[in-house]
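Chains as they are written, first to last, in full-length UniProt numbering: chain C, 1 to 122; chain U, 1 to 122.
Number of protein chains: 2
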Amino acid sequence: MEKEEREAVCPLKYALNLVGGKWKLPIICILAREESVRYNSLKRKLCGITNMMLSQSLKELEENGIVHREQYNEIPPRVEYSLTKEGRSILEPLDSLSEWGKTHMDRMQTQSPYCRECRDTK
Amino acid sequence: MEKEEREAVCPLKYALNLVGGKWKLPIICILAREESVRYNSLKRKLCGITNMMLSQSLKELEENGIVHREQYNEIPPRVEYSLTKEGRSILEPLDSLSEWGKTHMDRMQTQSPYCRECRDTK
DNA sequence: CCGCATCCTCCCCGATACTG
DNA sequence: CAGTATCGGGGAGGATGCGG
Numbered sequence: 001m002e003k004e005e006r007e008a009v010c011p012l013k014y015a016l017n018l019v020g021g022k023w024k025l026p027i028i029c030i031l032a033r034e035e036s037v038r039y040n041s042l043k044r045k046l047c048g049i050t051n052m053m054l055s056q057s058l059k060e061l062e063e064n065g066i067v068h069r070e071q072y073n074e075i076p077p078r079v080e081y082s083l084t085k086e087g088r089s090i091l092e093p094l095d096s097l098s099e100w101g102k103t104h105m106d107r108m109q110t111q112s113p114y115c116r117e118c119r120d121t122k
Numbered sequence: 001m002e003k004e005e006r007e008a009v010c011p012l013k014y015a016l017n018l019v020g021g022k023w024k025l026p027i028i029c030i031l032a033r034e035e036s037v038r039y040n041s042l043k044r045k046l047c048g049i050t051n052m053m054l055s056q057s058l059k060e061l062e063e064n065g066i067v068h069r070e071q072y073n074e075i076p077p078r079v080e081y082s083l084t085k086e087g088r089s090i091l092e093p094l095d096s097l098s099e100w101g102k103t104h105m106d107r108m109q110t111q112s113p114y115c116r117e118c119r120d121t122k
């Protein structure tokens, strides 16, 4: 994902790659419901994530213009993460996919409760 | 993906899992533009796919109600694959994600041509 | 408090060969 | 023509520990 192999990539695969991986979607869902969130607060809400994965996911999301990182040089250090305007604009497409998923789950008799993070992005 | 570990799954992750993996999206994009396609025709359009991956992907898509498999008992054997009505209904959400991706690619100065399969699902 | 480096594990996917 | 069986490599992601 970090490799500079800029091949032919269709916009759909491109978009899916940006939010791909295990943790990016949960991160986006949390940031969607709050103005800005501190690193450790984010970590507590994402049960089971390691520092490694959280910082890496945030870094990639930031590089792709989805997430904004605001660092305050205080003691103790404080860093706030939030969705950029670009980042917020992906919520609508994701919601429509989520709607499709909900309908499809019902139709396929796949009874599953919703996860805590992604319950509702609206 | 075949494991019976029906945990809590949000509709969004659920939907993304159905079209996840390396080949399912290209397959869907091809089937979106034709009424029905034979196995070997599908294989020729998907440069580089193996029998293993093609049959496995089709099987999972069929189990999930996205793809319909019609078998004709002729000699030589003939099998036609097509999108179900359910399958076609996911094209709209995917298109809106694709639109977002296109806009975002432009804004991020990521110049990339589109791939052959996903050029346009409409 | 925030984040990186290293090592290790698991499973997706490819290559190859074979069958009705 | 339309698949299945088996083996193995590589990359994503987890565990642990260190650094500013």
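Think of the CB as a built atom: it goes at the ideal place given N, C-alpha and C, for glycine as much as any other residue.
The DSSP-derived three-state label of E70 of chain U is strand. Linking I66 of chain C to T50 of chain C through their CA atoms gives a straight-line distance of about 21 angstroms.
In the three-state DSSP reduction, L16 of chain C falls in the helix class (H, G or I). The DSSP-derived three-state label of E80 of chain C is strand.
Bridge partners of R38 of chain C according to DSSP: C:E80. In this structure, DSSP gives N51 of chain U a helical state, which the three-state scheme calls helix.
According to the DSSP assignment, K24 of chain U belongs to the alpha helix (DSSP H) that extends over K24 to A32. Contact annotation, P26 of chain C with K102 of chain U: C-beta distance approximately 25 angstroms; criterion of less than 8 angstroms not satisfied. Between the region 65 to 84 of chain U and the region 89 to 102 of chain C, the count of C-beta pairs closer than 8 angstroms stays below three; the two stretches do not touch.
In the assembly as shown, K24 of chain U is a buried residue. Its beta-carbon has 16 or more other beta-carbons within 10 Å. Listed along chain C are G101 and M105, each with a C-beta nearer than 7 angstroms to that of Y14 of chain U.
Annotation for L91 of chain C: the continuous alpha helix (DSSP H) segment containing it runs L91 to R107. When DSSP states are grouped into helix, strand and coil, G87 of chain U belongs to the helix group. About 29 angstroms separates the CB atoms of Y39 of chain C and M105 of chain U; that is not less than 8 angstroms, and the two are not in contact.
A Cβ of chain C is located within less than 8 angstroms of the beta carbon of I90 of chain U. For L46 of chain C, the three-state secondary structure derived from DSSP is coil. Within a 10 Å sphere around the beta-carbon of G87 of chain C sit 16 or more other beta-carbons, which makes this residue buried. With fewer than 16 other Cβ atoms inside 10 Å of its own Cβ, C47 of chain C counts as exposed. The beta carbon of L42 of chain C sits no closer than 8 angstroms to any beta carbon of chain U.
At least 8 angstroms separates the beta-carbon of K45 of chain U from that of I28 of chain U. Rounded to the nearest whole angstrom, the C-alpha separation of L54 of chain U and G21 of chain C is 23 angstroms.
Chain-order list of chain C residues neighbouring E70 of chain U: empty, with the shortest C-beta distance near 20 angstroms, by a criterion of under 9 angstroms.
Between the alpha carbons of S89 of chain U and V9 of chain C lies a gap of roughly 24 angstroms.
Residues of chain U with a Cβ closer than 8 angstroms to the Cβ of L25 of chain C are, in chain order, L12, K13 and L16.
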